[in-house]
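Participant: Sharing a structure with you now.
Numbering (the numbering used here), first residue to last: 30 to 389.
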């Protein structure tokens, strides 16, 4: 049984539907991510989980209890906001103790739990510090300490690392993941940053335009997006427009690319098949595109020539034109390839994905 479940929740602001019929489940001990571009509805969804917004329709269940109309202060959830929401007139101790005071904790319990929370976020002895004396990373840790001091049944994060610089963000997310795992907490984490979500989360739901498009483990989403909106948001997918030319009586799908007129084969399920002669999109990641300098031929192999080589340190991007079909390949070493050089492009059939939602 899931710890948290959202059942067809929707929320509108005026004529704008911010969240449309979203359903998802979060398991006990899971670090769950809501990933999507700005304005997709992920923060509104998180605020409905927290009780800061009420759904127009649908229900929210926690531990098999309907909490849809339960006030935020009675849910027992901890929340870390994007701007930390610390009180500048209170010192670190009082900020961390704020939720405990609201719950009428004793002075001894409060002191013990604040000290423990500050230890957990590696800020021991910072209780008397003023908030404005702290760095951005330290303020973020204080916000996390305040959230965990109440020993929440669920921890909610709304883009908590977005205000940190790159190096501090990478360091802090590693600490955050380790902390949540060590405490055995369940967390829902909202972010627009794909790399951050992949590094932190056990499972992710991608939201686009107020709708939940796909849920799965990070690698599954990365390598096999089911929807063109997901493929585009997750970035760096080669999107290939094609038409199916094979019979529906076989699991071997044969497609003709609209640019370049190349023949591609991949395994497909009958439920995935689109009508004959109707454009569809196939996707493949740049690192799965194979380049060969010789003239080898074979399944899903065709001629191309190198248009551009972009050096990016550990890897390089090789952009290839295959008779009008433009593809990117990610390679470790571009030696042996030069601009305008002919090459063979191979798209492994087990790395090609037929996208289900074909809205271009």
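Every residue gets a Cβ at the ideal spot worked out from N, C-alpha and C, and that includes glycine.
Can you check which of these residues, 149, 384 and 66, is closest to residue 273 by C-alpha distance?
Facilitator: Counting from 1 along the chain shown, the entry for residue 273 is found at position 244. Of the candidates 149, 384 and 66, the one whose C-alpha sits nearest the C-alpha of residue 273 is 384.
Participant: In chain order, what residues of the same chain lie with their CB nearer than 6 Å to the CB of residue 214, ignoring the 5 residues before and after it?
Facilitator: Taking the first residue of the chain shown as 1, we reach residue 214 at position 185. Taken in chain order, the residues that qualify are 184.
Participant: Which same chain residues end up closer than 8 Å to residue 363 when comparing Cβ atoms and leaving out the 5 residues on each side of it in sequence?
Facilitator: For the purposes of this step, residue 363 is identified with residue 334 of the chain shown, where counting begins at 1. Closer than 8 Å at the Cβ level, and outside the excluded window around residue 363, lie 338, 340, 345 and 347.
Participant: Skipping 5 residues on each side, what residues in its chain have a beta carbon closer than 6 Å to that of residue 269?
Facilitator: Here residue 269 refers to the residue found at position 240 when the chain shown is read from its first residue. These residues qualify, in order along the chain: 286 and 311.
Participant: Find out if the Cβ-Cβ distance for the pair residue 331, residue 351 is shorter than 8 Å.
Facilitator: Reading the chain shown from its first residue, position 302 is the one you call residue 331. Reading the chain shown from its first residue, position 322 is the one you call residue 351. Result yes, Cβ atoms of residue 331 and residue 351 sit closer than 8 Å.
Participant: What number of angstroms, rounded off, separates the C-alpha of residue 34 from the C-alpha of residue 356?
Facilitator: Counted from its first residue, the chain shown places residue 34 at position 5. Counted from its first residue, the chain shown places residue 356 at position 327. Computed Cα separation, rounded: 41 Å.
Participant: Compute the Euclidean distance between the alpha carbons of residue 294 and residue 202, then round it to the nearest angstrom.
Facilitator: Here the question's residue 294 lines up with position 265 in the chain shown. Here the question's residue 202 lines up with position 173 in the chain shown. Going from the Cα of residue 294 to the Cα of residue 202 covers about 41 Å.
Participant: Out of 77, 39, 73 and 30, which one is the CA nearest neighbour of residue 55?
Facilitator: Along the chain shown, one-based indexing puts residue 55 at 26. Of the listed residues, the one whose Cα sits closest to residue 55 is 30.
Participant: Going along the chain, which residues of its own chain have a beta-carbon closer than 8 Å to the beta-carbon of residue 309, five neighbours each way excluded?
Facilitator: Residue 309 sits at position 280 when you count from the first residue of the chain shown. Excluding residues within five positions, the ones whose Cβ falls inside 8 Å are 270, 271, 272, 273, 284, 303, 383, 384 and 387.
Participant: Thinking just about the alpha-carbon of each residue, which of 349, 59, 307 and 292 is nearest to the one in residue 327?
Facilitator: In the chain shown, the residue the question calls residue 327 occupies position 298. Minimum Cα distance to residue 327 is reached at 292.
Participant: Where does residue 6 sit, in a helix, a strand or coil, going by DSSP?
Facilitator: This structure cannot speak to residue 6, because the chain is shown only from 30 to 389.
Participant: Note down the Cα distance separating residue 245 from residue 95, rounded to an integer number of angstroms.
Facilitator: Position 216 of the chain shown, counted from the start, is the residue given in the question as residue 245. Position 66 of the chain shown, counted from the start, is the residue given in the question as residue 95. Using only the alpha carbons, I get a separation of about 25 Å.
Participant: Residue 156 and residue 120 - do their beta-carbons sit closer together than 8 Å?
Facilitator: In the chain shown, residue 120 corresponds to position 91, counting from 1. In the chain shown, residue 156 corresponds to position 127, counting from 1. A contact, by the Cβ cut-off of 8 Å.
Participant: If you compare alpha carbons, which of 240, 336, 150 and 78 is closest to residue 68?
Facilitator: For the purposes of this step, residue 68 is taken as the residue at position 39 of the chain shown. If we check each option's Cα against that of residue 68, 240 comes out closest.
Participant: Per DSSP, residue 243 forms a beta bridge with which residues?
Facilitator: Position 214 of the chain shown, counted from the start, is the residue given in the question as residue 243. Looking at the DSSP assignment, residue 243 forms a beta bridge with 235.
Participant: By the three-class DSSP mapping on this structure, what secondary structure does residue 173 have?
Facilitator: Residue mapping note: residue 173 aligns to position 144 of the chain shown, counting from 1. Of the three classes helix, strand and coil, the one that applies to residue 173 here is helix, per DSSP.
Participant: Taking 8 Å as the cut-off, does the segment 168 to 182 touch the segment 146 to 156 (at least 3 CB pairs, one atom from each stretch)?
Facilitator: Result yes; three or more Cβ-Cβ pairs closer than 8 Å.
Participant: Smallest Cα separation from residue 315: which of 333, 323 and 349?
Facilitator: Numbered from its first residue, the chain shown carries residue 315 at position 286. Residue 315 has its Cα closest to that of 349, out of 333, 323 and 349.
Participant: Taking C-beta to C-beta, are residue 329 and residue 377 nearer than 8 Å?
Facilitator: Counting from one through the chain shown, the residue named residue 329 turns up at place 300. Counting from one through the chain shown, the residue named residue 377 turns up at place 348. Their beta carbons are under 8 Å apart, which means residue 329 touches residue 377 by this criterion.
Participant: Evaluate the contact criterion for the segment 118 to 133 versus the segment 74 to 87: three or more CB pairs, one atom per stretch, below 8 Å.
Facilitator: At 8 Å Cβ cutoff, the stretches do not touch.
Participant: Between which two residues does the beta strand (DSSP E) carrying residue 296 extend?
Facilitator: Reading the chain shown from its first residue, position 267 is the one you call residue 296. Residues 292 to 296.
Participant: Would you decide whether residue 8 is buried or exposed? Buried here means 16 or more other CB atoms lie within 10 Å of its CB.
Facilitator: This structure gives no information on residue 8, because the portion of the chain shown stretches from 30 to 389.
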